[in-house]
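-7 is the number of the first residue of the sequence shown in my numbering; add one for each residue after it.
Please read the structure below before turning to the comments.
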Amino acid sequence: MLVNLGDKPAAGFGEPLELMKDCHRRIEHFLDVLRKVEREFGGGELTDDARRALEASINYFANFAPRHTADEERSLFPRLRCEESAEARSVMIELDRLESDHREGEANHALVDELVREWLAAGWLEEASRRRLRRALDELASMYDAHIQVEEGQVFVLASRLLKSEQLHEIGEEMKRRRSLTGCGAQSH
């Protein structure tokens, strides 16, 4: 089970909306890895590859995914909320729901992190914990599926039409600063 952490992003900070989409692909990838390992090993003894895959996935969600949430909530969404067009107003309720999804996701990610670390430390997972892990992973998959569709199908499309190139540049610079504060470059989304 090979997990690539160092794949170069498809876009750079000069294209922040594309960079956010690239992060979505990483979120989908690492969530898929977690789900596959859980299904294949069922809370039992892990191979070295499966162990590395779990570690890489939970580390991604603990260290890099929060930056993506900040990119949206601190950089993109506030700029959209300042737009006064009818088109922008129509997406405002979606922004509130997306932020609610982020909170829901954080809670499920915390549970997944706890249970996977327990599995890694003990070498196995009790059946009740395994059921909780599977339920949290299923909830995350369902949430992300709908969440990403709204962001990519509505929010990012609207942002590309309404926001000026200077605003998009500012968003990209803010994303870059978020990553440089922790010593990680553009490849860590």
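Using N, Cα and C, we set each Cβ at its ideal position, and we do this for glycine too.
Under the criterion of beta carbons closer than 8 Å, Leu117 and Trp111 qualify as touching, at roughly 4 Å. When secondary structure is reduced to three states using DSSP, Lys156 falls in the coil class, being assigned neither helix nor strand. Burial check for Ala151: the Cβ neighbour count within 10 Å reaches 16 or more, so the residue is buried.
Comparing alpha-carbon positions, the option among Leu87, Leu68, Gly35, Leu23 lying closest to Leu160 turns out to be Leu68. Exclusion of the five residues before and after Glu86 leaves Val142, Gln146, Val147 as the residues of its chain whose Cβ lies within less than 8 Å of its Cβ. Shortest Cα-Cα distance from Gly164 to any of His60, Leu129, Ala113, Glu76 involves His60. Taking 8 Å as the cut-off, the Cβ atoms of Arg170 and Asp63 count as close.
Annotated three-state conformation of Ala3 is coil, per DSSP.
With respect to the 8 Å criterion, Met167 and Phe53 are not classified as neighbours on the basis of their beta carbons. According to the DSSP assignment, Glu98 belongs to the alpha helix (DSSP H) that extends over 78 to 114. Counting the other Cβ atoms within 10 Å of the Cβ of Arg18 gives 16 or more, which makes it buried.
Taking the Cβ atoms as the reference, Leu90 lies roughly 6 Å from His139, within the contact range of under 8 Å. A residue is called buried once 16 or more other Cβ atoms fall within 10 Å of its Cβ, and Ser82, having fewer, is exposed. Note on Val108: 16 or more other CB atoms within 10 angstroms of its CB, so buried under the neighbour-count rule.
Contact annotation: Phe56 and Ala42 have beta-carbon atoms that are not nearer than 8 Å. In this chain, Phe56 is not harboured by any alpha helix (DSSP H), its DSSP state being neither H nor E. Here DSSP, grouped into helix, strand and coil, assigns Leu38 to coil.
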